[in-house]
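Numbers 0 to 117, taken from numbering that gives the first Met the number 0, label the letters of the sequence shown in order.
From the three backbone atoms N, C-alpha and C, an ideal C-beta is built for every residue, glycine too.
Please read all numbers here as calculations on a predicted model, not as lab measurements.
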Amino acid sequence: MDRSIDFYSRLTGLKLLNRREIPQNDAEIAFLQDPDGKGANLELTFYRKQKEFTQAKYEDRLFDHLAFEVSDMKKTIAILRNEKVTITDEPFRLGTTGPLIAFIEDPDGTLIELIERK
């Protein structure tokens, strides 16, 4: 949980809103949101009894990815590369006039799309 909160706070700019125990499930949840309170909340759940977390092969995933807007793709990718974040798809454009996008992974292998919006 600490590793994920650190990742999403430091590298995506989300702010930790709340973190609490769920004794019924031997779990902990944390809620994060952008600092301006404009976007949806991201809920992280950590189950203490779960021994292993594995992502299915990409083609077999039911959940595909999260997406975050960034204002400067080049700067964002440089910061992430410096932090040793896995960049699965280097920045590319969707068509000739489409947005610049890239894909990275969070510490648990969840795919994250970055979309440059200026």
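Within 10 angstroms of the beta-carbon of Phe-6 lie 16 or more other beta-carbons, which makes it buried. With respect to the 9 angstroms criterion, Leu-93 and His-64 are not classified as neighbours on the basis of their beta carbons. For Leu-13, the CB contacts under 7 angstroms within the same chain, skipping 5 residues up- and downstream, are Tyr-7, Leu-31, Gln-32, Asp-33, Leu-41 in chain order.
Comparing C-alpha distances from Leu-113 to each of Lys-50, Phe-102, Asp-107 shows the shortest one belongs to Phe-102. Judged by DSSP secondary structure, Thr-44 falls outside any alpha helix (DSSP H) and instead within the beta strand (DSSP E) spanning 41–46. For Asp-88, the pairing in a beta bridge is given by DSSP as Phe-102. Contact between Leu-99 and Pro-90 is confirmed by a C-beta separation of about 5 angstroms, below the 8 angstroms threshold. Thr-96 counts as exposed, since fewer than 16 other beta carbons sit within 10 angstroms of its beta carbon.
Listed as beta-bridge partners of Ile-21 by DSSP are Ala-26. Under the three-state reduction of DSSP, Glu-68 is assigned to strand. DSSP places Lys-56 outside both helix and strand once states are collapsed to three, so it counts as coil.
Inclusion of Glu-115 and Val-69 in the CB contact set at 9 angstroms is warranted, their separation being smaller than that value.
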